[in-house]
Amino acid sequence: MILWQLFLAFFIPAILGYGGGPASIPLVENEVVGHYHWMSVSEFSNILAFGNALPGPIATKMAGYIGYDVAGIAGSVVAMVATVAPSLILLITLLHLLERFKDSPKVKWLTLLIRPIIVVMLGMMAYNFFATSLQSSGWLPMVLIAAASLILIQRFRVHPAFVIAGTLIIGAAFMG
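Here it is as structure tokens:
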């Protein structure tokens, strides 16, 4: 019964919290503090502050912590699944519709219109990363890291995830 209550306490705010995790926080508080009385307002605010201090989506962090606090590991899993389930269900439904109508001329036309927009957005993002990197570290480190990354990926076939992790470590150690 407690797992079902945990599911409802996080599923309903996830559905109604238009605007993402921050928009659903008051709804979660209403369920956790007001409806089920699993914790006090003070405890909830401490969890919110701690969750905001960590990287990643706030709603899933809070769901994981509160679920664990209420019902252990099973509670944590149930609360996190309930938090992501509405988005997951909608995504699967939309993908199913897209797959169903993929041969439609309208869908093909929309796909053709979206591709250039995505390319421009990715280009803008890459340019912003480039400009920020150039401003913070200068030409030499940026060129050396880019050249080393290219050689590792192309010549030695190192997986890009390892190259990214290595560049993050280099950046943290030498440029931070």
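Each residue of the sequence shown is one higher than the last, beginning at 0 in numbering that gives the first Met the number 0.
Quick reminder that beta carbons are idealized off the backbone N, C-alpha and C, glycines included.
Since the model is a prediction, treat every value here as computed from it, not as a measurement.
inquiry  = Going residue by residue through the region 139-173, where are the continuous alpha helix (DSSP H) segments of at least 4 residues, counting only ones entirely within it?
reply    = 159-169
query = By the 10 Å Cβ neighbour count, where 16 or more other Cβ atoms means buried, how is Gly20 classified, buried or exposed?
reply = buried
request  = May I ask you to report which of helix, strand or coil DSSP gives Leu53?
outcome  = Reduced to three states, the DSSP call for Leu53 is coil.
ask   = Run through DSSP, which three-state label would His34 get?
value = helix
key: Nearest to His36 (by Cα), restricted to the options Leu5, Ala81, Val142 and Pro54   = Leu5
query = Apart from the five residues just before and just after Met141, which ones in its own chain have a Cβ nearer than 7 angstroms to its Cβ?
reply = Ser132 and Leu133
task = Please classify Lys101: does DSSP put it in a helix, a strand, or coil?
result = coil
query = Using the C-alpha atoms, what's the distance from Ser148 back to Arg99?
reply = 40 angstroms
ask   = Distance, Cα to Cα, Asn51 vs Ile57?
value = 6 angstroms
key: Sequence-distant residues of its chain with Cβ nearer than 6 angstroms to Ile1 (five each side left out)   = Ala70
request  = Report buried or exposed for Gly55, applying the criterion of at least 16 other Cβ atoms within 10 angstroms of its Cβ.
outcome  = The residue in question, Gly55, is exposed, as its Cβ has fewer than 16 Cβ neighbours within 10 Å.
message = Please classify Gly137 as buried or exposed, where buried requires at least 16 neighbouring CB atoms within 10 angstroms.
response = Flag for Gly137 reads exposed.
query = Going by Cα to Cα distance, which pick from Pro85, Thr59, Ile65 and Met38 is closest to Leu15?
reply = Pro85
inquiry  = Need the endpoints of the alpha helix (DSSP H) that Gly20 sits in, please.
reply    = Gly20 to Glu28
request  = Give the straight-line distance between the Cα atoms of Phe192 and Gly165, rounded to the nearest whole angstrom.
outcome  = Examination of residue 192 is not possible in this model, given that the chain is present from 0 through 175 alone.
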